[in-house]
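Undergrad:
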Amino acid sequence: MTPGKEMRMKRTIKKQIWMTRDEAQSLKKKAKAACMTEARLMRMLLEGYEPPAAPDDRFYEAMEEIGKLGDDIEAISFRCIDPDMAWMLEGEVKKWHKLQADIEHRYLRPEKAGIKWQ
0 MTPGKEMRMK RTIKKQIWMT RDEAQSLKKK AKAACMTEAR LMRMLLEGYE
50 PPAAPDDRFY EAMEEIGKLG DDIEAISFRC IDPDMAWMLE GEVKKWHKLQ
100 ADIEHRYLRP EKAGIKWQ
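With numbering that gives the first Met the number 0, letter number 86 in the sequence shown gets 85, and the count goes up by one each step, no holes.
#1: Do you know offhand how far residue 92's Cα is from residue 8's?
#2: Go ahead and pull the three-state DSSP assignment for residue 49.
#3: Which two residues bound the contiguous alpha helix (DSSP H) that contains residue 94?
#4: Assess contact between the segment 55–71 and the segment 32–46, defined as three or more Cβ pairs (one per stretch) separated by less than 8 Å. Is contact present?
#5: For residue 90, is the classification buried or exposed, using 16 other Cβ atoms within 10 angstroms of its Cβ as the cut-off for buried?
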């Protein structure tokens with residue numbers, strides 16, 4: 000089951016657990032760091048995913064700058080008279096947008112943990 004799949008399933012079973020104060024604080028802190036509820040974090044961990052901590056504002060600012068660079072190169076390519084140069088610039092646009100997507104994928108997607116529960 001993928002992290003988003005549980006959203007499509009109706010939850011009909013309630014589970015309650017007892018924790019120490021330290022465990023409860025740790026769960027709360029980790030859920031907040033991953034920008035999700037404690038329940039969602041626990042469900043993801045049960046499915047074998049380890050959500051990364053959410054990046055700070057600098058990450059999103061950097062992603063915005065990378066996107067702007069790609070857009071600027073694309074705008075320049077539209078004004079370019081030489082078709083070979085325009086084609087080369089379009090290739091650069093694709094590289095910048097792929098870089099942005101790869102970085103976002105690396106830092107925002109949860110990864111499958113190496114834990115085997117079976």
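Even glycine gets a Cβ: it sits at the ideal position worked out from N, Cα and C.
TA: A quick look at the data gives this:
#1: Here residue 92 is taken as the residue at index 93 of the sequence shown, counted from 1. Here residue 8 is taken as the residue at index 9 of the sequence shown, counted from 1. Approximately 40 Å between the Cα atoms of the pair.
#2: Locating residue 49 in the sequence shown gives position 50, where the first residue counts as 1. Residue state, collapsed to three classes: strand.
#3: On the sequence shown, residue 94 is found 95 positions in, with the first residue counted as 1. Looking at the DSSP string, the run of the alpha helix (DSSP H) that includes residue 94 is 82–107.
#4: no
#5: Here the question's residue 90 lines up with position 91 in the sequence shown. By the neighbour-count rule (16 or more Cβ atoms within 10 Å), residue 90 is not buried but exposed.
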